[in-house]
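Novice:
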Amino acid sequence: MSETSESLDRVMVIGAHPDDPEFGCAGTVVKWAQAGKTITYVLLTSGDKGSHDPDLRPGRLAALREEEQRAAARDLGVEQVIFLRYPDGLLENTLDLRRRLASLIRQHRPHIVMTIDPWRPYQLHPDHRAAGQAALDAIYAAREWYIFPEQLIGEAEPWRVKEVYLFWTDNADYWEDITPCFETRISALARHASQVGLDMDRLTKRIGERAREAGEKSGYEYAEGFKQFRFH
Ligand SMILES: [Zn+2]
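Converting from the sequence shown to this note's numbering requires adding 517 to each position, the first position being numbered 1.
This is the structure in structure tokens:
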């Protein structure tokens, strides 16, 4: 995937809600996991407001959605799922969030980060804007000695992420062929039954159409498109 000889084998996916990775980049996740990359998910909220059922209290819904996220991640070969449990629907790109993400980046040392494109025009969901922005700001902070220096006592050092892939973008300039793993991508999405339960047929069709459109731009049958940044 890269012209450099350096292996980029640790990947961190940062999303706002359980199901963001499965909607956004799951085909690439499973493909890269099968190729031997170590994938870590970081979910900033547990999606506790993602229901219109008045009997489903936020605490119960959060637990259910974390369970669904873990099951989807297992299907895709994701090694670890981390929940930061900020309140759903109220996510902000605060210094606190940026600090926590920078710390996770410095600990896990991902070569690649995948996150939401915060600059997609008319991106209405505040959590999606905040998550993408916070992830990018944390990538910047993590590589600087003078930002959150309290994290750098002892052996800890700044960490420079080498590549970033933004999903849900209108400005894709990198495409991954997901033809061989399209079915797995769909079945992982179906794990989020509280969100997609009755809609799976419609969603499978929509995701198939989108993946085919991305494929047309890149010469594959099914593809996922990303805005790519390279820092090496
Ligand atoms: Zn979301």
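Cβ atoms here follow ideal geometry from the backbone N, Cα and C, with glycine treated the same way.
Measuring only from the beta carbon, is A710 closer than 7 Å to any heavy atom that is part of ligand 1?
Specialist: Looking up residue 710 in the sequence shown gives position 193. Every heavy atom of ligand 1 is 7 Å or more from the Cβ of A710, so no.
Novice: Considering only the alpha carbon of each residue, which of G576, R637, A689, L618 lies closest to L560?
Specialist: As a first step, residue 560 is located in the sequence shown; it is residue number 43 there, counting from the start. Ranking the options by Cα distance to L560, first place goes to L618.
Novice: Let me confirm a value: I724 is counted as buried when at least 16 other C-beta atoms fall within 10 Å, else exposed. Which label applies?
Specialist: Position 207 of the sequence shown, counted from the start, is the residue given in the question as residue 724. Buried, since its Cβ has 16 or more Cβ neighbours within 10 Å.
Novice: Considering only DSSP beta bridges, list what A740 is partnered with.
Specialist: As a working mapping, residue 740 is identified with position 223 in the sequence shown. Per DSSP, D694.
Novice: Going by beta carbon distance, what residues of the same chain come within less than 6 Å of D605, once the five residues before and after it are set aside?
Specialist: Position 88 of the sequence shown, counted from the start, is the residue given in the question as residue 605. T562, G564, D565, K566, listed in sequence order.
Novice: May I have the straight-line CA-CA distance separating M518 from E583, to the nearest angstrom?
Specialist: Locating residue 518 in the sequence shown gives position 1, where the first residue counts as 1. Locating residue 583 in the sequence shown gives position 66, where the first residue counts as 1. Summary for M518: the model assigns pLDDT 49, below 50, so the residue's position carries little reliability, and this model does not support an answer.
Novice: Excluding the five sequence neighbours on either side, which residues of its own chain have a C-beta within less than 6 Å of the C-beta of L614, listed in chain order?
Specialist: The residue given as residue 614 occupies position 97 in the sequence shown. A651.
Novice: For L578, which of A705, S704, S711 has the nearest alpha-carbon?
Specialist: Counting from 1 along the sequence shown, the entry for residue 578 is found at position 61. Minimum Cα distance to L578 is reached at S711.
Novice: Fully enclosed by the segment 534-601, which beta strand (DSSP E) runs are 3 residues long or longer?
Specialist: List check, beta strand (DSSP E) in window: 555-562.
Novice: What separation, rounded to the nearest whole angstrom, lies between the Cα atoms of L608 and Y739?
Specialist: Here residue 608 refers to the residue found at position 91 when the sequence shown is read from its first residue. Here residue 739 refers to the residue found at position 222 when the sequence shown is read from its first residue. Roughly 32 Å separates the two Cα atoms.
Novice: At a cut-off of 7 Å, would you count A647 as near ligand 1, judging by its Cβ distance to the nearest heavy atom?
Specialist: What you label residue 647 is simply residue 130 of the sequence shown in a count that begins at 1. A647 Cβ: outside cutoff for every heavy atom of ligand 1.
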